[in-house]
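K.L.:
Heads up: the sequence shown begins at 177 in this note's numbering, then just goes up one per residue. Cβ atoms here follow ideal geometry from the backbone N, Cα and C, with glycine treated the same way. Please read all numbers here as calculations on a predicted model, not as lab measurements. This is the structure I want to talk about, given as structure tokens.
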Amino acid sequence: SVSDRLQQDTIRPPGLLQPAAATLCFLSAGSASELSFLVEPTDVTAVRDRPLMLDCQVQGEEPITITWRKNGAPVPSTPRVRVLENGTLLITSFQKRREGSDADVGEYDCAAQNRYGLLVSRKAKVHLACK
Numbered sequence: 177s178v179s180d181r182l183q184q185d186t187i188r189p190p191g192l193l194q195p196a197a198a199t200l201c202f203l204s205a206g207s208a209s210e211l212s213f214l215v216e217p218t219d220v221t222a223v224r225d226r227p228l229m230l231d232c233q234v235q236g237e238e239p240i241t242i243t244w245r246k247n248g249a250p251v252p253s254t255p256r257v258r259v260l261e262n263g264t265l266l267i268t269s270f271q272k273r274r275e276g277s278d279a280d281v282g283e284y285d286c287a288a289q290n291r292y293g294l295l296v297s298r299k300a301k302v303h304l305a306c307k
């Protein structure tokens, strides 16, 4: 069965794993050294000029670095946008459009990295509520 095959792939040493699916299975096996998501970002409707928080919580061997992307590009840290210690992305005042820049609306994902590898979350769509 598929679950038997996945279980066998999880038990094999990393060098013997088969491509993509087996590697993902190995990464999510849950030992202390490997990364796994406790909380991934979810789709949300934001309100203009209000705070927005997107959650990203990971377990694994420290140190773990959390980075965020919007529409595939890194989200720069600014006084208005920052990553909290727990991995959450905080936008203190959600904007429809900023001077010289794009709106905060888009698809966000977080990436967690430690010495064992990199794990990327699902994409969360952030929409603006109509006022």
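How big is the Cα-Cα spacing for Cys286 and Leu266?
P.N.:
C-alpha separation (whole angstroms): 12 Å.
K.L.:
By how many angstroms is the C-alpha of Leu230 removed from the C-alpha of Ile242?
P.N.:
Between Ile242 and Leu230, the C-alpha separation is close to 12 Å.
K.L.:
Do the segment 211-226 and the segment 296-306 touch if we need at least three Cβ pairs shorter than 8 Å?
P.N.:
Touching, yes.
K.L.:
Can you tell which of Arg224, Pro252, Glu210, Ser212 has its C-alpha closest to the C-alpha of Phe270?
P.N.:
Nearest C-alpha to Phe270: Arg224.
K.L.:
By the DSSP assignment, the beta strand (DSSP E) with Glu283 in it spans what residues?
P.N.:
Start and end: 282-290.
K.L.:
Can you tell me the Cβ-Cβ gap for Asn290 and Gly236, rounded? I've got them flagged as a contact below 8 Å.
P.N.:
Between Gly236 and Asn290 the Cβ distance is about 5 Å, and since that is below 8 Å, they are a contact.
K.L.:
Rank Gly263, Thr221, Glu238 by C-alpha distance to the C-alpha of Trp244 and give the top, closest one.
P.N.:
Nearest option by C-alpha distance: Gly263.
K.L.:
Which first and last residues belong to the beta strand (DSSP E) in which Gly293 is found?
P.N.:
It spans 293-296 - the beta strand (DSSP E) in which Gly293 sits, taken as one unbroken run.
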